[in-house]
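Working notes, structure below.
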Amino acid sequence: MRPTRRQFLTTATSFIICHSLCNGRALSQQKKSTRVVLLGTKGGPRVGEAGRSNPSTLILINDVPYLVDCGYGVSKQLITSGVALNRLRYIFITHHHSDHNLELGPLFYNAWITGLPVKVDAYGPPGLANMARDFFNYQKFDIDTRIEDEGRVDPRTLFTTHEFDKPGTVLTNDDVKVSTCLVRHPPIKQSYAYRFDASDRSVVISGDTAYAPELAEFAKGADVLVHEVMYLPGIEALLKRLPNAKRLREHLMAAHTLPEDVGKIAAQAEVKTLVLSHFVPGDDASITDEQWAEGVRKFYKGKIVVGKDLMEV
Ligand SMILES: [Zn+2]
Ligand SMILES: [Zn+2]
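So the sequence shown is residues 610 to 922, counted in the numbering used here.
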């Protein structure tokens, strides 16, 4: 049956009203909200088999991306999360283990090669500037060829590194204050957590750390704490398969945080939501969400989110 003219007009009018209202609402929400998207939740440099990408966390503040860590696969994960690569603007590296920086240069390259305007500021511990310089040397032939042959802008003029070697404020703009806390990740001395204080939300990313009470102070009252986590029975199973098991076990125990201790940090910090990420082991699909969370819950009574790739918190 064909709709009457009146029915058609009603439908058309409600579509127009809804369209403008819904779009308006979506836009205003986007402008005001601070969003957190887990791009990669697998701890460690091995490329995962169980659906987790290597570490990276995206914070969108007033629609501007702030990216913490650049594990392998981050370019693809960023696109999948809905952020076009030429929108890349700020990168923060927690420390220089390769699961946190392996795709730093390639990510910027992938943004540059879109041909659209891109300008990136990257922040991190000493070694960052050398890493950028070395990447540009590694791709010197390609970059110089494309500048000459395709008339591209020199990418080395579009990428700025900002190194720091002690905790403090690393960036302040109209939307956010970004500060750091030195955490405990031996043998690496320069390993940091980041805190983003925006007008509507505070978000803390632990980086890689053993139990660090100073992190609880740093994260005090945050809306969201994204904390790394290591599950001991899971690593015992993993270690059985490896020739360097003893050394690796010592490193893991000294450098990462067990669920109970993550719970203590979240409780001391009184955060509203705790998000588990950087899972060690990160590719053992037999470990359930409940197994990750149960140790945490003994000490922390707030909301616990067991992170998954591309999950928004
Ligand atoms: Zn790591
Ligand atoms: Zn690490």
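Think of the CB as a built atom: it goes at the ideal place given N, C-alpha and C, for glycine as much as any other residue. Since the model is a prediction, treat every value here as computed from it, not as a measurement.
Same chain, Cβ closer than 6 Å to residue i, neighbours up to 5 away in sequence not counted
i, result
"F745", "R765"
"L676", "L667 and I700"
"G652", "H887, F888, V889 and G891"
"A876", "F908 and Y909"
"P612", "Bear in mind that the predicted position of P612 carries a pLDDT of just 44, short of 50, making it too unreliable to give a figure here."
"F717", "V729 and F768"
"G916", "L647, T650, V884, L885 and S886"
"L780", "V787"
"H771", "Y732"
"A843", "At residue 843 the sequence reads Gly, which differs from the Ala that was named. Excluding positions up to five away in sequence, the list reads P890, D893 and I896."
"A825", "I874, Q877 and A878"
"P776", "T789, C790 and L791"
Sequence-distant residues of the same chain with beta carbon closer than 8 Å to residue i, five excluded per side
i, result
"G830", "S811, A878, E879 and V880"
"E869", "G904, V905, K907 and F908"
"L857", "L848 and L851"
"P664", "G649, T650, K651, G652, D678, G680, D708, H709, S886 and H887"
Chain-order list of residues whose beta-carbon lies under 7 Å from that of residue i (same chain, five-residue window excluded)
i, result
"M839", "L861, H865, T866, L867 and V889"
"I756", "D763"
"R906", "G872 and I913"
"A807", "T643, I670, D784 and V785"
"A854", "L848"
"S690", "V646, L648, L667 and L919"
Environment of residue i [buried if 16+ CB atoms lie within 10 Å]
i, result
"Y909", "buried"
"R655", "exposed"
"Y747", "exposed"
"F750", "exposed"
"A693", "exposed"
"R739", "Per the sequence presented here, residue 739 reads as Asn, with Arg not at that position. N739 is exposed by the Cβ-count criterion."
"A720", "buried"
"E712", "buried"
"R661", "buried"
"P796", "exposed"
"N632", "With a pLDDT of 43 at N632, under the threshold of 50, the predicted position of this residue should be treated as unreliable, though the coordinate-derived value follows. Exposed."
"N782", "exposed"
"L791", "buried"
"P726", "exposed"
"L851", "exposed"
"D743", "exposed"
"D774", "exposed"
"D918", "buried"
"I814", "buried"
"I688", "exposed"
"G760", "exposed"
"G657", "buried"
Selected residue, minimal CA-CA separation from residue i, among the options
i, options, result
"F805", "D817, H794, I797 and S788", "S788"
"W901", "D918, E921, R856 and L841", "L841"
"E837", "I874, F827, L848 and F768", "I874"
"D678", "G733, E869 and L791", "G733"
"D784", "V727, L669 and R696", "L669"
"H706", "D753, A821, P735 and I896", "P735"
"P822", "S895, V833 and R793", "R793"
"Y803", "V729, V833, L847 and R856", "V833"
"Y681", "G714, T818, G843 and K775", "G714"
"Q799", "L919, L847 and D817", "D817"
"L737", "A819, T703, C790 and T897", "T703"
"R696", "I722, D743 and N710", "I722"
"D708", "L725, I688, F773 and V683", "V683"
"A863", "A819, G691, E845 and D893", "A819"
"I896", "D758, E845 and V813", "E845"
"T778", "G760, T754 and F827", "F827"
"P674", "Y801, N710, E759 and R698", "R698"
"T882", "A825, L824 and G911", "G911"
"V922", "V835, D898, N710 and I752", "V835"
"G724", "E899, D898 and I752", "I752"
Identity of the residues DSSP links to residue i by a beta bridge
i, result
"I814", "Y803 and V835"
"R661", "Per DSSP, none; premise fails for R661."
"H860", "Looking at the DSSP assignment, H860 forms no beta bridge with any residue, so it has no partner."
"E921", "V646"
"S707", "According to DSSP, S707 bridges with nothing at all."
"H865", "Beta-bridge pairing links H865 to no other residue."
"P674", "L669"
"T789", "Y803"
"S886", "E837"
"D730", "Y699 and T769"
"T689", "Bridge partners of T689: none, in fact."
"L780", "V787"
"V563", "Here the chain comprises residues numbered 610 to 922, so residue 563 is not present and cannot be evaluated."
heavy atom of ligand 3 below 7 Å from residue i C-beta
i, result
"P868", "Among the ligands present in this structure, namely ligand 1 and ligand 2, ligand 3 is not found."
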